[in-house]
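Protein chains in written order, with this note's numbering: chain A, 3 to 447; chain B, 3 to 281; chain C, 47 to 416.
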């Protein structure tokens with residue numbers, strides 16, 4: 003027995019040594035003699051991580067060519083990103099530059115782990131005038147120096163299957179559609195097409211099990227009713243009448259039978275995109291990045307219009323159609339190459355790169371000048387750009403944003419599930435679920 | 003003992019039940035891997051209406067599957083071997099050499115199984131970074147860090163089981179070795195290990211499986227170059243597109259080396275556990 | 047310490063060993079009573095000499111075993127040192143850090159300078175434990191749910207594992223196939239098998255609904271399995287499916303060691319198979335059984351993966367286990383102190399339960415021989 007074990011260890015050690023050497027080859031090969039390469043954590047924007055690398059690698063090569071600064075790219079899967087940022091912040095061991103979900107901005111800003119964009123730092127990236135105003139609004143708490151700047155813009159839009167509208171004889175959505183027109187159309191499109199007594203086509207699908215998307219819905223519809231999730235002094239008020247009424251409106255989409263019941267199980271956008279492409283549902287409200295997913299499904303017979311809004315708006319209501327969605331970029335405060343890191347941020351937010359990258363990801367440029375490029379002149383891009391520029395509000399920029407999303411989105415998710423499983427969800431149910439979420443927020447705060 | 007007819011019938015019924023229970027999810031994985039993506043997403047059917055092996059060829063370029071597989075095998079095998087060595091020494095001491103604190107050591111080791119694993123995540127990372135900055139031993143983003151983590155994860159159960167094996171072995175074996183002029187370590191290597199080999203194999207399988215499937219720590223402790231399968235496979239299902247058929251095909255393929263290993267080891271497994279656990 | 051002792055203290059091998067000893071004591075009665083060791087040293091493992099022909103080592107030599115100067119002193123400490131160092135670095139120090147975190151306010155505001163996080167005493171505990179607050183209610187309902195989950199999953203996994211082990215205990219044509227086949231769930235990463243299960247439970251296209259509605263026609267419309275009360279059923283099924291092969295392996299091993307002659311004697315007495323199982327098999331494998339149940343219980347109580355993969359960071363309320371609650375408090379809500387406080391409570395509860403369990407089920411061997 004001694005021999006096999008000894009042999010096994012020997013093999014293991016050799017294997018380990020060999021592969022470890024391979025492992026470090028990557029970084030050593032690319033390292034310039036004059037210093038370590040910048041480490042850049044990018045988010046997964048394309049259908050696969052390999053696709054992301056294919057998009058970013060040539061651009062980063064351009065950057066190296068222009069500046070002589072080497073960049074080591076790692077595309078971090080979403081599942082891992084948040085935990086890795088947290089461990090990086092608490093340990094000081096992390097990347098130099100990183101992408102973050104823009105709704106995390108205020109939370110991460112509060113950690114003090116990222117370089118504030120002011121003074122020289124702001125100068126290196128060319129000032130903040132170049133950014134789209136709404137996108138910039140989602141980069142940190144009001145009145146504080148942001149520690150992130152926008153990188154890719156996203157907004158919600160109403161995707162619809164043109165063929166299904168034509169078949170049902172329902173007029174296609176137009177910009178300025180009211181919520182009532184939307185629900186009426188959804189009802190008309192909910193049909194039993196083969197006459198077997200079972201509904202097999204629905205007007206709408208949601209991502210009912212996604213905590214984030216449900217919290218977005220509560221926020222957007224809430225703004226239309228004049229709701230604020232936090233009072234002026236920062237106290238949470240998730241169970242205000244306006245939010246209760248907005249969430250009830252959202253859950254009613256499921257209760258009323260115009261929404262595909264199975265979509266209450268959807269945790270990601272992919273399933274709803276697929277339903278739209280296969281003609282199972284006629285409409286989905288998704289972010290602009292879904293265009294890539296639809297293209298991958300080989301589906302292009304769709305239109306995009308603005309998100310429906312209540313009409314008339316209640317007292318204090320805003321015609322909000324989307325929260326400012328998208329990705330921001332930050333520089334890690336513990337980086338010892340902050341100057342180089344800022345140059346990379348400047349490069350990625352330059353007009354030229356904004357055009358290339360946002361076209362590749364079907365996201366929206368966050369610098370105003372990029373919109374002059376013909377790439378973004380098609381109808382769909384213009385619709386999204388209008389929504390982001392004119393009808394978007396940032397989610398509350400508070401350090402507890404993550405918790406708010408969890409609690410509000412979690413409550414809405416449970417309500418949608420109840421509605422889908424056939425339970426009646428009254429406004430009182432909504433109120434008590436939101437009150438519970440509010441209590442948890444206060445207790446934790 | 004002669005088996006009654008009743009027992010044989012019972013066995014057929016019982017094995018059928020358990021086989022179905024095991025096989026149905028496995029069949030779903032296997033059949034999804036040979037369906038076109040559209041069919042996997044579409045209405046369920048037991049028999050694939052269209053069979054294609056395209057997922058098996060496309061899966062290699064969607065993610066660096068071969069690289070992840072190599073990483074996983076490397077990390078799991080090294081962690082398994084090292085944890086066997088470490089656990090064997092510790093278990094031998096506890097089982098055979100009287101020392102003060104032996105019981106406290108056993109309970110300490112067991113108590114680590116009572117803390118939610120997820121809560122180790124942040125503290126462990128902080129400890130690793132401290133070691134990194136103070137001792138210069140790079141633990142985050144490297145194979146080393148992951149190996150150290152997994153080998154330790156497997157230790158508590160391995161030590162507990164091996165203590166049982168060793169204690170159950172006849173002492174006379176070692177005494178003979180001692181008389182021949184070996185020290186206790188010599189006795190361990192020359193006499194105890196050969197006899198306990200099956201038990202060690204069993205514990206090794208456990209250690210391997212622990213490392214092979216772990217996701218949470220791997221997702222934080224690895225980077226692009228050291229990412230393991232359990233983490234990497236998830237990339238087939240990204241936010242915007244889910245390549246179910248490739249995911250299933252990839253998992254079928256990566257399981258093959260493991261299954262071959264199990265097939266080879268299963269006879270030791272049974273004999274091994276019996277000699278340790280009870281006999 | 048034992049250098050000059052002529053009769054060393056009984057080995058204190060920890061609970062597992064005690065169990066093993068107990069079993070060997072059981073074996074003694076049938077494997078032959080000519081072993082002098084059994085009576086010589088009641089507390090030590092050497093009592094199992096009954097298994098080994100005594101001619102391997104003359105009984106007279108026994109006094110010298112592993113007791114000379116070279117076997118004592120530092121050696122055991124050297125042997126446990128690597129394990130101890132690793133346990134300290136990877137498990138114990140993080141655990142102590144975890145306990146410390148439970149007494150401070152560790153949030154996004156303090157994370158970066160975590161060593162300077164303000165000490166807040168028992169606030170986190172008060173917050174998490176207050177049964178009238180929303181957080182406390184969540185904690186207690188999750189604690190109850192996790193306990194129920196553990197009892198059900200461990201019982202089912204044990205029962206299936208035992209059934210499989212009993213069926214594969216005796217040689218028959220095809221046994222090797224089943225023995226390998228039942229280990230296949232181990233070879234696949236949990237992520238994949240759990241996704242496989244979600245294909246089965248999916249409301250629209252799932253295999254289960256396909257069978258219930260289309261194949262059997264027992265239901266008119268597709269029920270939801272991944273939402274509402276049924277989601278608890280789902281985590282029980284998936285949890286059991288992942289766990290039972292472990293029970294199977296360990297229990298099969300235990301069964302393998304029960305000598306055939308014991309059964310033969312019983313069969314001659316006319317005992318039914320069920321009675322043999324209850325009166326012979328179960329008592330004989332009790333030590334392994336007890337360890338397996340203990341370990342499975344601890345693992346299941348800390349289950350995180352199954353709900354996380356099936357439902358993400360925030361499972362439906364009915365499938366929210368404690369580890370998932372702790373995760374969402376710590377990592378999603380940035381309230382590491384609260385998560386740590388819940389974990390410490392969990393640790394204390396499991397420690398108490400384990401100590402009682404070890405005393406009840408794992409140490410009785412010594413008592414019975416005394």
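Here a beta-carbon is modelled for each residue, glycine too, at the ideal position from N, C-alpha and C.
Note that this is a predicted model, so its numbers are computed, not measured.
Any Cβ of chain A within less than 9 angstroms of the Cβ of residue i?
i             : result
residue 43/B  : yes
residue 184/C : yes
residue 122/B : no
residue 274/C : yes
residue 221/B : yes
residue 243/B : yes
residue 65/B  : yes
residue 208/B : no
residue 245/C : no
Give me the residue from the options with the minimum Cα distance to residue i.
i             : options                       : result
residue 301/A : 316/A, 280/A, 291/A and 173/A : 280/A
residue 55/A  : 359/A, 403/A and 436/A        : 359/A
residue 157/A : 397/A, 433/A, 401/A and 390/A : 390/A
residue 157/B : 22/B, 251/B and 85/B          : 85/B
residue 162/B : 129/C, 268/C and 263/C        : 129/C
residue 224/B : 110/A, 68/A and 77/A          : 77/A
residue 198/B : 237/B, 138/B, 15/B and 176/B  : 176/B
residue 147/B : 219/B, 10/B, 239/B and 37/B   : 219/B
residue 153/A : 277/A, 441/A, 220/A and 328/A : 328/A
Ignore the nearest five residues each way along the sequence and tell me which others in residue i's own chain have a CB closer than 8 angstroms to its CB.
i             : result
residue 334/A : 90, 96, 97, 98, 99, 100, 115, 116, 117 and 343
residue 202/C : 282, 286 and 290
residue 374/C : 359 and 360
Could you please give the first and the last residue of the uninterrupted alpha helix (DSSP H) stretch that includes residue i?
i             : result
residue 141/B : It is not in any alpha helix (DSSP H) - residue 141/B carries neither H nor E in the DSSP assignment.
residue 181/A : 181-191
residue 2/A   : Outside the shown range of chain A, which is 3 to 447, sits residue 2/A, and nothing can be said about it.
Output needed for residue i: all residues of its chain with C-beta closer than 6 angstroms, excluding positions within five of it in sequence on either side, in chain order.
i             : result
residue 220/C : none
residue 355/C : 237 and 240
residue 346/C : 196, 199 and 200
What residue does the beta strand (DSSP E) around residue i start on, and which one ends it?
i             : result
residue 161/A : 158-163
residue 42/A  : 40-45
residue 304/A : 304-307
residue 204/A : 204-207
Step through the CB atoms of chain B and report whether any lies within less than 9 angstroms of the CB of residue i.
i             : result
residue 324/C : no
residue 225/C : yes
residue 241/C : yes
residue 29/A  : Below a pLDDT of 50, predicted positions are generally treated as unreliable, and residue 29/A, at 39, falls in that range; the measurement from the model is reported next regardless. Yes, contact with chain B.
residue 137/C : yes
residue 196/A : no
residue 80/C  : Residue confidence is low: residue 80/C scores 35 on pLDDT, short of 50, so the model does not pin down where it sits. Its coordinate-derived value is still stated next. No, residue 80/C does not count as interfacial toward chain B.
residue 147/C : yes
residue 337/C : yes
Spatial neighbours of residue i within its chain, please: C-beta separation below 7 angstroms, excluding the five flanking residues on both sides.
i             : result
residue 228/C : 210, 291 and 294
residue 196/A : 202
residue 229/B : 70 and 73
Are any of the Cβ atoms in chain C nearer than 9 angstroms to that of residue i?
i             : result
residue 162/A : no
residue 71/B  : no
residue 20/B  : yes
residue 8/A   : With a pLDDT of 44 at residue 8/A, under the threshold of 50, the modelled position of this residue cannot be trusted; read the value that follows with caution. For residue 8/A, the answer is no, since every Cβ of chain C falls outside 9 angstroms of its Cβ.
residue 402/A : yes
residue 191/A : no
Can you find a CB in chain E that lies within less than 9 angstroms of the CB of residue i?
i             : result
residue 102/B : Structure shown: chain E not included; protein chains present are A, B and C.
*Every unbroken alpha helix (DSSP H) within the stretch 32-67 of chain B, with a cutoff of 4 residues, ordered by chain*: Entirely contained in the stretch 32-67 of chain B, the alpha helix (DSSP H) runs reaching 4 residues are, in chain order, 39-43 and 56-64.
_Ignoring anything shorter than 4 residues, give me the alpha helix (DSSP H) runs that lie fully in the stretch 208-292 of chain C, in order along the chain._
If we require 4 residues or more, the alpha helix (DSSP H) runs fully inside the stretch 208-292 of chain C come out as 221-227, 230-233 and 236-247.
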